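Enquirer: One structure is given below, represented as structure tokens, and several questions about it will come after.
In the numbering used here, the protein residues as written are 28 to 349.
Structure, rendered in structure tokens:
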């Protein structure tokens, strides 16, 4: 679907656009019968955002999760939200917004080149607020989100098995469900809860898309936005204390200093049934890690109280403490 919609975007850029109030250009590629979306409706949609050079800046297809939200009032007549209000359930469209008009008076965000931002949108589901009570409306929205989570839950074990097979990983599996393979053996002692470790890592969705890393060359390879303030150094944290996901806390304790490993982490050891930020519910994750340093905890220090296992690894998903 992602590539099909991207192709539609390329074709439509040659012409066929109409102009909406405020200067928004739009081309409704697929027009299904049904009421138009209204402010306050619940909408689930898939999208691709790209620039004039057809470089993809963001895509819901990369995460495998549609964007779902109550539609707010558009900020201006020319923004993409005003275009969403032209659509109904099942529609697909391409919108072009003039970057200079939308960023007037402020510097352009880094990576915004050319004249237009292009949005390729597919409306998957609409739940109309209409005259529904807030309780009934919220209940219907939650039921729909639960149905998406149920689908993701059923797909998860299949996706993990396929990723391991496709990448020819000879994994060992712990009783908790963590899949790991040590690709380079280190030496010395292994870290324990309370030890501070320094780690290089690359995080991927199981479709292979890199979503986070503290290695600049990998960020470039994965087409992530490069943050000039990010030193791209090993992340440092205390195992079991500073809020890393359970899969990291468990997996790093299996490694000697200097080891490299690949983890395939089920959602039960990552972000669980709720997800976090760009990671959806029941989403397994893959990490390549290198343990570059261990600072052992002082045996005479008070024993710290471990935190819960469902907090995220940090960086672009949540800013890392460098």
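The beta carbon of each residue, even a glycine, is placed where N, CA and C say it ideally should be. Model, not experiment: these values are computed from the prediction.
#1: Let's test the definition: count the other Cβ atoms within 10 Å of the Cβ of residue 148 and tell me whether it reaches 16, buried, or not, exposed.
#2: Output the boundary residues of the beta strand (DSSP E) element that contains residue 322.
#3: Which partner residues of residue 52 appear in the DSSP bridge assignment?
#4: At what residue ranges does the stretch 229 to 285 contain a whole run of the beta strand (DSSP E), taking only runs of 3 or more?
#5: Please tell me whether residue 176 and residue 308 are closer than 8 Å, where the distance is taken between their beta carbons.
#6: Give the straight-line distance between the Cα atoms of residue 271 and residue 278, rounded to the nearest whole angstrom.
#7: Just to confirm my understanding: we take residue 301, look at its own chain, exclude 5 residues before and 5 after, and list those with CB closer than 7 Å. What are they?
#8: Would you report the Cα separation of residue 45 and residue 54, rounded to the nearest angstrom?
#9: In the DSSP output, which residue or residues are listed as bridge partners for residue 94?
#10: Give me whichever residues DSSP pairs with residue 144 in a beta bridge.
#11: Could you compute how far the alpha carbon of residue 239 sits from the alpha carbon of residue 288?
#12: Give me the DSSP bridge partner(s) of residue 206.
#13: Going by the DSSP bridge assignment, what does residue 223 pair with across the sheet?
#14: Which stretch, first to last residue, makes up the alpha helix (DSSP H) that contains residue 108?
#15: Per DSSP, residue 86 forms a beta bridge with which residues?
#16: Specify the secondary structure class of residue 188 as computed by DSSP and reduced to three states.
#17: Would you please state the rounded distance, in angstroms, between the beta carbons of residue 122 and residue 110? I believe it to be under 8 Å.
#18: Can you find the residues in the same chain that come closer than 8 Å, C-beta to C-beta, to residue 59, ignoring five residues on each side of it along the sequence?
#19: Can you tell me which residues form a DSSP beta bridge with residue 309?
#20: Between residue 338 and the rest of its own chain, which residues show a CB-CB distance below 8 Å, the 5 nearest in sequence each way excluded?
#21: Using 10 angstroms around the beta-carbon of residue 222, count the other beta-carbons present and answer buried if the total reaches 16, otherwise exposed.
Expert: For this structure:
#1: For the purposes of this step, residue 148 is identified with residue 121 of the chain shown, where counting begins at 1. Per the 10 Å Cβ criterion, buried.
#2: One-based indexing of the chain shown puts residue 322 at position 295. That run of the beta strand (DSSP E) goes 312 to 322.
#3: Looking up residue 52 in the chain shown gives position 25. 46 and 123, per the DSSP bridge assignment.
#4: Fully enclosed beta strand (DSSP E) runs of no fewer than 3 residues occupy 237 to 240 and 262 to 265 of the stretch 229 to 285, in order along the chain.
#5: The residue you call residue 176 lines up with position 149 of the chain shown. The residue you call residue 308 lines up with position 281 of the chain shown. Cβ distance < 8 Å, so residue 176 and residue 308 count as in contact.
#6: Counting from one through the chain shown, the residue named residue 271 turns up at place 244. Counting from one through the chain shown, the residue named residue 278 turns up at place 251. Residue 271 and residue 278 have their C-alpha atoms some 11 Å from each other.
#7: Translated into the one-based positions of the chain shown, residue 301 becomes position 274. The residues are 308.
#8: On the chain shown, position 18 is the one that residue 45 refers to. On the chain shown, position 27 is the one that residue 54 refers to. If I take the Cα positions, the gap works out to 6 Å.
#9: Counting from one through the chain shown, the residue named residue 94 turns up at place 67. Bridge partners of residue 94: 72.
#10: As a working mapping, residue 144 is identified with position 117 in the chain shown. Residue 144 is bridged to 78 and 124.
#11: Position 212 of the chain shown, counted from the first residue, corresponds to residue 239. Position 261 of the chain shown, counted from the first residue, corresponds to residue 288. Answer to the nearest angstrom: the Cα atoms are 16 Å apart.
#12: Translated into positions along the chain shown, residue 206 becomes position 179. Paired residue(s): 200 and 291.
#13: Here residue 223 refers to the residue found at position 196 of the chain shown. 265 and 322.
#14: As a working mapping, residue 108 is identified with position 81 in the chain shown. For residue 108, the enclosing alpha helix (DSSP H) covers residues 107 to 111.
#15: For the purposes of this step, residue 86 is taken as the residue at position 59 of the chain shown. Its beta-bridge partners are 75.
#16: Here residue 188 refers to the residue found at position 161 of the chain shown. Note: residue 188 maps to helix in three-state DSSP.
#17: Taking the first residue of the chain shown as position 1, residue 122 is located at position 95. Taking the first residue of the chain shown as position 1, residue 110 is located at position 83. About 4 Å separates the CB atoms of residue 122 and residue 110; that is less than 8 Å, so the two are in contact.
#18: Position 32 of the chain shown, counted from the start, is the residue given in the question as residue 59. For residue 59, where only same-chain residues beyond five positions count, the Cβ hits under 8 Å are 115, 116, 117 and 118.
#19: Here residue 309 is taken as the residue at index 282 of the chain shown, counted from 1. In the DSSP assignment, residue 309 is bridged to no other residue.
#20: In the chain shown, the residue the question calls residue 338 occupies position 311. The predicted position of residue 338 is uncertain, since its pLDDT is 40 and thus under 50; a value taken from the coordinates is nonetheless stated next. The residues are 270, 271 and 272.
#21: For the purposes of this step, residue 222 is taken as the residue at position 195 of the chain shown. With 16 or more other Cβ atoms within 10 Å, it is buried.
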